[in-house]
Amino acid sequence: MFIFLILGFVTSVFQIVILREFTFCIAKNELTLSFSIGIWLLFCALASNIGKRHYIPFSKHFPFFLSLIYCLSILASHIAKPLLSIGYYETCSITTVLALSLFIIGISGFMAGYCFSVFANTYIHNNSGTTKTFSMFFCFEAIGAFIGGLFFTFVFKSYTNPFMFGLLPLLFIPQIIRSRKHFLHNISFVLILSCLCSVLYNNILKKELNVNNIILNKGTSYGSVIYAQKDNGTKELFLNGSLILDQEFLPWDEQFIFTILSASRTQKDILIIGLIDPDQIEQLLHYTPNSITIVTINPIIAKMIKDSLHDIKGNVFIETDDPHLFIARSEKKFDIILSNIDSPNSISNNRFFTIGFFEIAKKHLKTNGLFAFHIPSKQDILSPRILDFNACILNTVKHVFKYPFIVPGDTMLILCPLDYTLSPEKILSDFEKESLKTKYFTSYELKDSLFFSNREYVINSLNKTTRINTSLFPSGFLYFSLMEQARFYPNIFMNVPLTSKVLVSLVFLLSIFLVIFSLVFRQYKIRTCASLVGFSSMAISTVILFLFQTFSGELYWKIGILTGLFMLGLSFGSYLMSSLIKHFNKVMFFSWIIRLIFFALFFVSLPLANYSSYMQIILYSYVTIFGILTGIMYPIFFRECFTGESTKENISATIYAYDTAGAFLGSVLFSVLVIPFLGIRIGIIVLVFLQFLGFFITLIK
93 MFIFLILGFV TSVFQIVILR EFTFCIAKNE LTLSFSIGIW LLFCALASNI
143 GKRHYIPFSK HFPFFLSLIY CLSILASHIA KPLLSIGYYE TCSITTVLAL
193 SLFIIGISGF MAGYCFSVFA NTYIHNNSGT TKTFSMFFCF EAIGAFIGGL
243 FFTFVFKSYT NPFMFGLLPL LFIPQIIRSR KHFLHNISFV LILSCLCSVL
293 YNNILKKELN VNNIILNKGT SYGSVIYAQK DNGTKELFLN GSLILDQEFL
343 PWDEQFIFTI LSASRTQKDI LIIGLIDPDQ IEQLLHYTPN SITIVTINPI
393 IAKMIKDSLH DIKGNVFIET DDPHLFIARS EKKFDIILSN IDSPNSISNN
443 RFFTIGFFEI AKKHLKTNGL FAFHIPSKQD ILSPRILDFN ACILNTVKHV
493 FKYPFIVPGD TMLILCPLDY TLSPEKILSD FEKESLKTKY FTSYELKDSL
543 FFSNREYVIN SLNKTTRINT SLFPSGFLYF SLMEQARFYP NIFMNVPLTS
593 KVLVSLVFLL SIFLVIFSLV FRQYKIRTCA SLVGFSSMAI STVILFLFQT
643 FSGELYWKIG ILTGLFMLGL SFGSYLMSSL IKHFNKVMFF SWIIRLIFFA
693 LFFVSLPLAN YSSYMQIILY SYVTIFGILT GIMYPIFFRE CFTGESTKEN
743 ISATIYAYDT AGAFLGSVLF SVLVIPFLGI RIGIIVLVFL QFLGFFITLI
793 K
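In our numbering, each residue carries its 1-based index in the sequence shown increased by 92.
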C-alpha cells in the first residue's frame, strides 16, 4: 500500500507544477487552470480503463519514463508559443489552448491514471481483496496527495526552476526496482535528465520570451517574476506570464498620471494599487503630496519598487499585501486612489473591477477625492465585443459613483470623483497651469482625448442593460474573455443572457436523460452515481478555487493545500465508511441525503463571504468536508459492485474511471460555462439539484 502513498505524493506535486506552468505560459487565467484539471482527470479516466487490463508490474525503467514525461510536459509548456509564433504575453485562441492542453496536460494525466490502475490490479492479482482493500487504494493515494499539497504550499511554493521536480520519481525506485543494475540505471538516468533540463532552463526562457538576457528569474508564492532585456536594450517585467512593465508603456504612463492629477482637486494622500515605475512616482512628487502608498501582493515586486526608489526623496511607502484586503482593513482615507491593474483578464484581477471593490474605494476617499483606473478599449469604432466589455465595467462604476468621466482611447481612462463633476475645460486648464516638463505627453494630446467626439460616441453606444460585474458573478472577466476571443473568431456571436437560459435548460434536459437512462439500464446505476459524485465534487472544488482567488488572490500559492485538504477529507471519508459500512443498511440512501444537506448549507452561507482572513479558514473547512463527502461514496460503490457484474480486479479501475470522467465534465463545464455565464450562486443551486437527482436514482430498484 505504501506505493499508493508515493504515487499520490509525486503525481500531486507534478499536477500542481504542470498546471501552474501551463497556466502561466499559455493562457494566464484561473479558467485555464480549472479547465486543465479537467483534462488531467479525463486522461486519468481513460488510462484507468486501459490499465485495468494489465496485471504485470511496471517496466524496469518506469521511474525514468515518469521523469521524462514530466520534463517533456514542462518543456512543451515553455516552447509551445514560440513554435506557434505566438508572443509570450499574447492571448491564445480557445482551440489552441484545448489542443495544447490535450498534449501537455493529457499525457501526464494519462500516466497518473495508468499508474494507479496497474498498481491496484497488480496488488489484487497477487493478494486477496475485499471491498475495504479497494477503498484503501484511494485512501493511501489521497494521503500522499495531501502530503504533496502540504509540501508544495510550505516548501516548494517559491520554486524558480520547475525541472527540479523531475527528481521526484526517484522515490519509486526502492519500491519497484529489485535489480541492482536497474536500480543504478534509473538513479543515473533521472539525475542526468533533471540536471540537464535545469541547466538549459535559462536558455529555454530566453527563447520563450524572445529576449537577449534574463536579468532576474525569481519564484515567489504568487508565481514567477522575470525581468528581461531585449536585443535593443529595452527591459520588460513579466509576472505570471503577463507583461506588466515595458519601456514602450512610458507615453501612456505620462498620460495616465498627468490626466489624473489634473482632474483631482487635491493630491495630499495618494494610494496606488499595482505596479508603478519610478518615472510615474517622480511625476506624482511634482505635486508635493504628503504621502504616496503603493500596495502590491508580490514581495519581489515590492522589493523591486523599493530598490528603484532609493534616489527618490519623498514620503513613499511600500506595502506588501493584497490590495483588496489592505483597503478593506485600512482606516485611512485618501485624496487619490489609483488602480494600475490593466484589465479583468483573470479572476484575481476581476475583483478590482467589481461593485464591491468600487464601494470600498469610495468609502476610503476624502472629500473631493478621486478614484481612477483604466481598461482596454478602442480609439475609434468599437466592435460589439469591446462595447459589451466597456459597458459592463462602466455600468458597474455607475452603480457606485454618480459622476464617472471617461477619457477614450485604446486604453480608456475612467475618472470617478466622489462628490463633484469633471469638465474637460477644467482638466485641460489645470494641466497647462502646472507647466509640467513631460517627455511624451503634451496639452494637445490631452485636448484631443478630452474633446474628441469619440467621448459622446462611446457613451451613447454603451448598452445600459449589460450585466454588471460582481465577485460572485464575474461578468467583467466573461466579457473580457469574449472580447479577446473575438480576435481569433471575428464572426462569433455570443448572446450572454440567451446562453445563460440555454445552459439552465440543458441542465434539466440532462437530468431527465440520466433518470431515463437509470430506469432503462439499471445495471449501470452505480456507474451513473459515481459519475454524479465525480461531477459534483470537482464542480464544487472549482467553485471553491474561484472563491479562494476572488477573496485572497493566493490560489497559485495555496492550491496545493486546497487540493491536499480535499484529498485528506477523501481519505478520511473512505477509511471511515470502509469501517462502518458493514454495520449499516441503506447507507447509500443516507449518504446522498447528507451530501444534499451540506451542498445546500454551502449555498445558504455564501452571502457571508467577504474579504477577511476568516474567509480562507471557511473555504479550507468546506473543501475538507466535500472531500469527506466524496470519500464516503467509494466504499459504498465498491460494495454494490462487488456483488454485481464486475470482476474483482476491475472494480477499482471501473469506479475510478467513471468518477474521474464525471470530474472532468464538472471541472470543464463549471469553469468554462456555468460560473462565467450563470455565476457562482446559480452554479451551486445546480449542484444542490444534482444531489437530489443522485438521491432519486438511488431509489430506483
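Cβ atoms here follow ideal geometry from the backbone N, Cα and C, with glycine treated the same way.
When DSSP states are grouped into helix, strand and coil, Gln-375 belongs to the helix group.
Of the candidates Pro-496, Val-612, Gly-501, Pro-496 places its Cα closest to the Cα of Tyr-512. About 19 Å separates the beta carbons of Lys-490 and His-456, which is beyond the 8 Å limit, so they are not a contact pair. Annotation for Thr-385: the continuous beta strand (DSSP E) segment containing it runs 383-388.
Residue burial is scored here from C-beta neighbours: Glu-182 has fewer than 16 other C-beta atoms within 10 angstroms and is therefore classed as exposed. With respect to the 7 Å criterion, Phe-658 and Val-715 are classified as neighbours on the basis of their beta carbons. Under the three-state reduction of DSSP output, Met-396 falls in the helix class. Distance between Thr-591 and Asn-305, taken at the CA atoms: about 47 Å.
Minimum Cα-Cα distance from Met-680 among the listed residues Phe-691, Arg-112, Ala-622, Ser-334 corresponds to Ala-622. Taking all protein chains shown into account, Lys-120 has 16 or more neighbouring C-beta atoms within 10 Å of its C-beta and is therefore buried.
Distance between Ile-774 and Val-607, taken at the CA atoms: about 22 Å. Taking 7 Å as the cut-off, the beta carbon of Ser-763 is found closer than this to the beta carbon of Leu-123. By the criterion of a C-beta distance shorter than 6 Å, Ser-440 is surrounded in its chain by Gln-641, Gly-645, once the five residues flanking it on both sides are discounted. Residue environment: Met-575 is assigned as buried (16 or more neighbouring CB atoms within 10 Å of its CB, all protein chains considered). Sequence-distant partners of Phe-348 (beyond 5 residues in either direction) whose C-beta falls short of 7 Å from its own C-beta, in its chain, are His-466, Leu-505. Residue pairing for Glu-328: DSSP places it in a beta bridge opposite Ala-320, Asp-338. DSSP, read as helix, strand or coil, puts Gly-723 in helix. Selection Phe-154, Leu-538, Ile-386 evaluated against Ser-521 yields Leu-538 as nearest (Cα-Cα).
Taken in chain order, no unbroken stretch of beta strand (DSSP E) lies wholly in the region 647-687 with a span of 3 residues or more.
Less than 7 Å separates the beta-carbon of Phe-481 from that of Phe-572.
When the beta-carbon positions are compared, Ala-137 and Phe-202 stay at least 7 Å from each other. Taking a cut-off of 8 Å for Cβ pairs, the region 593-611 and the region 716-733 do not touch, as fewer than three such pairs fall below it.
Burial check for Phe-94: the Cβ neighbour count within 10 Å stays below 16, so the residue is exposed.
In the structure shown, Ala-578 adopts coil according to DSSP, grouped into three states. Cβ neighbours of Leu-99 within its own chain (closer than 7 Å, five residues either side excluded): Cys-207, Phe-208, Phe-211, Glu-233, Gly-236. Judged by DSSP in its simplified three-state form, Asp-434 adopts coil rather than helix or strand.
Remark: three or more beta-carbon pairs, one from each stretch, lie closer than 8 Å, so the region 406-414 and the region 374-388 are flagged as touching. In this structure, the CA atom of Lys-395 is about 31 Å from the CA atom of Ser-286.
By the neighbour-count criterion, in which 16 or more other beta carbons inside 10 Å mark a residue as buried, Asp-427 falls on the buried side. Distance from the CA atom of Ala-578 to the CA atom of Ile-131, rounded to whole angstroms, is 24 Å. Taking the C-beta atoms as reference points, Phe-450 is found no nearer than 7 Å to Pro-436.
Judged by DSSP in its simplified three-state form, Pro-566 adopts coil rather than helix or strand. Distances from the alpha-carbon of Met-228 to those of Lys-454, Glu-517, Pro-727, Ile-776 put Pro-727 closest.
Excluding residues up to 5 positions away in sequence, Phe-94, Ile-95, Ile-98 lie with their Cβ nearer than 8 Å to the Cβ of Gln-267 in the same chain. Partner residues in the beta bridge of Ile-365, as assigned by DSSP, are Val-387, Ser-431. When DSSP states are grouped into helix, strand and coil, Gly-775 belongs to the helix group.
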